Amino acid sequence: MSSRVRKAVLPVAGLGTRVLPAAKATPKNLLNVVDRPILSYIVEEARAAGVEHFVFVVGRGQGAIEDYFDANPEVEGALEAKAKADVLADVRGDLGPPGEMSFVRQMAPLGLGHAVWCARHVVGNEPFAVILPDMLMTAEPPALAQAVAAYDKVGGNIVVVEPAPKGEAHKYGIVALEAQDGRLNRMTGMVEKPPPGTEPSNLFISGRYILQPDIFGVLETQERGAGGEIQLTDAMAKLLKSQAFHALEYDGTTYDCGDKIGLLRANVAFALRRPELAAAARKAIQALL
């Protein structure tokens, strides 16, 4: 079994109900943040962390995701003919080597745990990352690279967390810690949406994981949980009884792009981070205030 994190599972089969009608015909993870789809940033983050193989778990009607990461000879030829080398470089920037990406079908919307389980044959018997693509993160080093560094240090399973907004921890999956000393701490449990006042910490699970392949055996028989779905959190809580889990409070900012205001915030923040756009973006924003 490889001990290095080489593969990442990206569950992208969700319907994007929180951003309808935008996601009615366009997969929600292909919605733009400035001038690139959300998934472009996610793949860039994963490559920076050393990921060599991407496993997209897709649903019906999401062929556009596969097409986006494929070559487009017509578009590329037109750009070459017009000598638009900079635009051509951007168009080709997300393309990887042949075989870098696999696409598996989640036949029914049975939850995040089920989506991860669908990737079992491609992942095989090695540790792997899970990236929730709606959660766009800005960090230096990138969030997944921080998780990989933590994994290289302590092994086992890593769950990236961050502080919940004050008074809102009961809305999230919250981790329980053996002790809270620094940013990397051993976990003793996980609670999905605990009743207010019972939260074991203020740290919620925020969309990046490194898991051992043993999780697939747990998911194989995992009963349905919240929302009638197979929850990854429930399976991790079972695996925690026999394997070490550490929570990493990553250093960065998260934008929930599965939410309309979160997507708006991401567009503003990423535009302001772009040196060639920042001044014009700031001027445009101020003109609306």
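For the sequence shown, the working numbering gives the first residue as 117, with consecutive numbering after it.
Note that CB positions come from ideal geometry on N, CA and C, so glycine has one too.
All values derive from a computational prediction rather than experimental measurement.
Practice item. Give the straight-line distance between the Cα atoms of Asp-210 and Asp-202, rounded to the nearest whole angstrom. Key: Reading the sequence shown from its first residue, position 94 is the one you call residue 210. Reading the sequence shown from its first residue, position 86 is the one you call residue 202. The alpha-carbon atoms of Asp-210 and Asp-202 are separated by roughly 14 Å.
Exercise for review: Identify the continuous alpha helix (DSSP H) that holds Glu-182 and give its terminal residues.
Suggested key: As a first step, residue 182 is located in the sequence shown; it is residue number 66 there, counting from the start. From DSSP, the alpha helix (DSSP H) with Glu-182 extends over 179-184.
Review point. Which residue comes first and which comes last in the alpha helix (DSSP H) that contains Ala-400?
Key: Residue 400 sits at position 284 when you count from the first residue of the sequence shown. Bounds of the alpha helix (DSSP H) holding Ala-400 are 394-404.
Check your understanding: Would the beta-carbon of Ile-326 fall within 8 Å of that of Ala-263?
Key -> Along the sequence shown, one-based indexing puts residue 326 at 210. Along the sequence shown, one-based indexing puts residue 263 at 147. It is a contact, given that the beta carbons lie within the stated cut-off.
Practice item. State the beta-bridge partners of Lys-123 as determined by DSSP. Key: Here the question's residue 123 lines up with position 7 in the sequence shown. Answer is His-169, Phe-244.
Review point. What is the C-beta distance between Gln-329 and Pro-243, in whole angstroms, given that I count them as a contact (C-beta under 8 Å)?
Key: Against the sequence shown, residue 329 aligns to sequence position 213. Against the sequence shown, residue 243 aligns to sequence position 127. It should be pointed out that residue 329 corresponds to Pro in this sequence rather than to Gln. The pair is a contact, with the Cβ atoms about 7 Å apart (cut-off 8 Å).
Check your understanding: Candidates Pro-143, Glu-308, Arg-398, Ala-403: which alpha carbon is nearest Pro-249's?
Key -> Numbered from its first residue, the sequence shown carries residue 249 at position 133. Of the candidates Pro-143, Glu-308, Arg-398, Ala-403, the residue whose Cα lies closest to the Cα of Pro-249 is Pro-143.
Check your understanding: Three or more C-beta pairs closer than 8 Å, one from the segment 127-137 and one from the segment 164-176: is that the case here?
Key -> Flag = yes, the segment 127-137 and the segment 164-176 touch.
Review point. Taking the C-alpha atoms as reference points, what is the distance between Glu-160 and Val-149?
Key: For the purposes of this step, residue 160 is taken as residue 44 along the sequence shown, with counting starting at 1. For the purposes of this step, residue 149 is taken as residue 33 along the sequence shown, with counting starting at 1. Glu-160 and Val-149: Cα-Cα distance of roughly 14 Å.
Point to revise | Contact set for Val-270: own chain, Cβ-Cβ below 6 Å, skip 5 residues either direction | key: Position 154 of the sequence shown, counting from 1, holds the residue named residue 270. Result list for Val-270: His-362, in chain order.
Exercise for review: Could you tell me whether the Cβ atoms of Ile-247 and Leu-260 are closer together than 8 Å?
Suggested key: Here residue 247 refers to the residue found at position 131 when the sequence shown is read from its first residue. Here residue 260 refers to the residue found at position 144 when the sequence shown is read from its first residue. Yes.
Review point. Whose C-alpha, out of Ala-397, Tyr-184, Ala-295, is nearest the C-alpha of Pro-316?
Key: If you number the sequence shown from 1, residue 316 lands on position 200. Ranking Ala-397, Tyr-184, Ala-295 by CA distance to the CA of Pro-316 puts Ala-295 first.
Check your understanding: With 16 as the cutoff for other CB atoms within 10 Å, does Ile-274 come out buried or exposed?
Key -> Position 158 of the sequence shown, counted from the first residue, corresponds to residue 274. Its Cβ being crowded by 16 or more others within 10 Å, Ile-274 is buried.
Point to revise | Per DSSP, the bridge partner or partners of Arg-302 | key: Residue mapping note: residue 302 aligns to position 186 of the sequence shown, counting from 1. Note: Arg-302 sits in a beta bridge opposite His-362.
**Study point:** Local conformation of Ser-156 per DSSP, three classes
**Key:** Within the sequence shown, residue 156 is the residue found at index 40, counting from 1. If DSSP states are grouped into helix, strand and coil, Ser-156 belongs with the helices.
Review point. Among residues of its own chain, excluding the 5 on either side of Ala-351, which ones have a beta-carbon nearer than 7 Å to its beta-carbon?
Key: For this step, residue 351 is matched to residue 235 along the sequence shown. Cβ within range, chain order: Gly-229, Ile-331, Val-334, Leu-335, Gln-338.
Check your understanding: Using 8 Å as the threshold, is the segment 295-307 in touch with the segment 213-225, meaning 3 or more CB pairs across them?
Key -> Counting Cβ pairs under 8 Å, fewer than three are found: no touch.
**Study point:** Per-residue DSSP class, three states only, for Glu-161
**Key:** Mapped onto the sequence shown, residue 161 falls at position 45. Three-state result, Glu-161: helix.
**Study point:** Best match in Leu-155, Glu-168, Lys-140 for proximity to Met-253 [C-alpha to C-alpha]
**Key:** For this step, residue 253 is matched to residue 137 along the sequence shown. That would be Leu-155, whose Cα lies nearest to the Cα of Met-253.
Check your understanding: Taking buried to mean at least 16 other C-beta atoms within 10 Å of its own C-beta, is Ile-158 buried or exposed?
Key -> Here residue 158 refers to the residue found at position 42 of the sequence shown. Buried, because 16 or more other Cβ atoms sit within 10 Å of the Cβ of Ile-158.
Review point. Quick one: what's got a C-beta closer than 6 Å to Leu-393's C-beta in the same chain, skipping five residues either side?
Key: By one-based count along the sequence shown, residue 393 stands at place 277. Around Leu-393: Ala-387.
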